[in-house]
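**Q**
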Amino acid sequence: MDTSFPVLGFDIGGTKIAVCLGDSKGKILGAKRVVNKDRGPDEVIPELVSTGKELLSKAGLKGSDLRAIGIGSPAPMDIPNGLILCPTNMKKWTRVPIRDIMAESFGVKAYFDNDANAAALAEWIFGAGKGCHNMIYLTMSTGIGGGIIANGHLLHGKSWMAGENGHVVLDINGPKCNCGLNGCYEAFCGGVALANRMQRELAGQPGHPIVQAAGGKIEDIDVVALVKAVRAKDPYSLKLWDEMCMRNAQAIGIFLNTFNPEKIVLGTIALSTGDLFMKPLKEYLPRFCWPEMLNACDITVSGLGSHIGEYSGICVALNSLYEEGKWQMESLK
Ligand SMILES: [Zn+2]
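Take the sequence shown: its position 174, counted from the start at 1, is 162 in the working numbering, and no numbers get skipped.
1) Label Met65 either buried or exposed according to how many other C-beta atoms from any shown protein chain fall within 10 Å of its C-beta, with 16 as the threshold for buried.
2) Kindly provide the ranges of any beta strand (DSSP E) runs that are 3 or more residues long and lie completely inside the region -10 to 65, ordered along the chain.
3) Would you kindly check if the distance between the Cβ of Ile257 and the Cβ of Phe265 is under 7 Å?
4) So if I measure from each beta-carbon to every heavy atom of ligand 1 and keep distances below 5 Å, which residues remain?
5) Looking at C-beta atoms only, is the number of pairs between the region 111 to 127 and the region 280 to 297 that lie closer than 8 Å three or more?
6) Would you say Leu9 and Leu36 are within 7 Å of each other, going by their C-beta atoms?
7) Less than 8 Å between the CB atoms is what I'm expecting for Tyr272 and Met234, so what's the real figure, rounded?
8) Under the rule that 16 or more other beta-carbon atoms within 10 Å means buried, what is Lys146, buried or exposed?
9) Does the beta-carbon of Lys251 have 16 or more other beta-carbons within 10 angstroms, so that it is buried, or is it exposed?
10) Let's test the definition: count the other Cβ atoms within 10 Å of the Cβ of Trp229 and tell me whether it reaches 16, buried, or not, exposed.
11) If distances are taken between C-alpha atoms only, which option among Ile86, Lys15, Gly60 and Lys46 comes closest to Gly28?
12) With contact counted as at least three CB pairs below 8 Å, one residue from each stretch, are the region 297 to 304 and the region 88 to 108 in contact?
13) Short check: CB of Leu126 to CB of Leu254, under 7 Å?
14) Between the C-alpha atoms of Gly95 and Gly313, what's the straight-line distance to the nearest angstrom?
15) What is the DSSP secondary structure of Ala220, reduced to helix, strand or coil?
16) Once DSSP output is grouped into helix, strand and coil, what is the label at Phe100?
17) Let's test the definition: count the other Cβ atoms within 10 Å of the Cβ of Thr130 and tell me whether it reaches 16, buried, or not, exposed.
18) Roughly how many whole angstroms lie between the Cα atoms of Lys118 and Ser260?
19) For Lys321 and Gln200, what's the separation of their Cα atoms in angstroms?
20) Measuring only the C-alpha atoms, how far is Met(-11) from Asp88?
21) For Ala116, count the other beta carbons within 10 Å of its own beta carbon; 16 or more makes it buried, fewer makes it exposed. Which is it?
22) Between the beta-carbon of Gly58 and the beta-carbon of Gly(-3), is there less than 7 Å?
23) Can you give, in chain order, each stretch of the beta strand (DSSP E) that sits fully within the region 113 to 157 and has at least 3 residues?
24) In terms of residue numbering, what span does the beta strand (DSSP E) encompassing Val289 cover?
25) Under three-state DSSP, which class holds Ile209?
26) Given this structure, state the Cα-to-Cα distance separating Asn236 from Leu142, to the nearest angstrom.
27) Out of Val304, Glu189, Glu311 and Leu309, which has the shortest C-alpha to C-alpha gap to Val7?
28) So, with DSSP's three-state summary, where would you put Leu109?
29) So which of Glu92, Pro163, Ala150 and Ile242 has the shortest CA-CA distance to Asp103?
30) Can you give me the Cβ contacts of Ala19 inside the same chain, cut-off strictly under 6 Å, excluding the 5 residues immediately before and after it?
31) What residues are listed by DSSP as bridge partners for Asn170?
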């Protein structure tokens, strides 16, 4: 018996928003992106609604056919009340009741979670973490975000803040983090933190391989330029890369000893660089966790890759239905 049903998802980011119509078996029925860069909710929300309706109509469906809507958004946010508060790259989005607006626009219940949890749910339900009861997802791009699946459920914590894995302190004397603490995992390994460090340390060295890889502009140095210079075996880059892999192992070792997951799914840097990252990471790990935890865990890269945004929103909806006992996750049986 085909028991699949349609859900609509929104994966909100500072530059773009993925709108996706999918079903409970993971089939994508339609997807589109809406530009969000430098725009505000008054302009963007009507476009999100019309895009959602367009996807429904192209699939021969209407709002009342949807079982639920799921929305993933950057923090800070108020998850129980469905509010986007004022994310760093979305300054015009202040206390926006996105969940209720979407529920009203489509006439169906809407659910809301943070973007990293939404991505973790996507990997858990349809990606590399399928079938796991204990899994941690880590995304390492501009910042470091995470989501924790413990005993078959997404962990939210007392004040809905669980999964801020990027802000475990690895060295109290380490670099200042955007969050206010010193020496966070993100302050060592986040893309913005690494770029800032390289730009500072390489100022006045226009001939340096990283600067060259960034097109000769110090201000354009980023992790992509670093990876190019690492592949070209530049000594400064190799040293920085090794340190970055060691700090990742330190953080992941903490998560392994704390949660004893069967899978850790890594996005972004791990996905784009493969063995260049995974090999040193795995070599360092035994120094930061117990063999019992390490041997029980498969550390792997994202199964959904660049399509994760399409699944994130719909998986917020599916996970909420699962938690309410309205949907069975086939893979967990
Ligand atoms: Zn921090």
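No residue lacks a Cβ here, since even glycine has one placed at the ideal position from N, Cα and C.
Just so we're clear, the structure is a prediction, and the values are computed from it rather than from any experiment.
**A** In short, the structure shows the following:
1) Here Met65 is buried, its C-beta having at least 16 other C-beta atoms within 10 Å.
2) -6 to 0, 4 to 11, 16 to 23 and 56 to 61
3) yes
4) Result (chain order): His155, Cys165, Cys167, Leu169 and Cys172.
5) yes
6) no
7) Sure, about 5 Å apart at Cβ, within 8 Å.
8) exposed
9) buried
10) It is buried - the Cβ of Trp229 has at least 16 other Cβ atoms within 10 Å.
11) Measuring C-alpha to C-alpha distances from Gly28 to each of Ile86, Lys15, Gly60 and Lys46 identifies Ile86 as the nearest.
12) Touching, yes, given that three or more Cβ pairs across the two stretches are closer than 8 Å.
13) yes
14) 21 Å
15) coil
16) strand
17) Under this definition Thr130 is a buried residue.
18) 21 Å
19) 52 Å
20) With a pLDDT of 44 at Met(-11), under the threshold of 50, the predicted position of this residue should be treated as unreliable, though the coordinate-derived value follows. When only Cα atoms are considered, Met(-11) and Asp88 end up about 33 Å apart.
21) Ala116 should be labelled buried.
22) yes
23) Considered as a whole, the region 113 to 157 harbours 123 to 128 and 132 to 138 as its complete beta strand (DSSP E) runs of no fewer than 3 residues, in chain order.
24) Asp286 to Val289
25) coil
26) 23 Å
27) Val304
28) helix
29) Ala150
30) Cys8 and Glu298
31) Lys164
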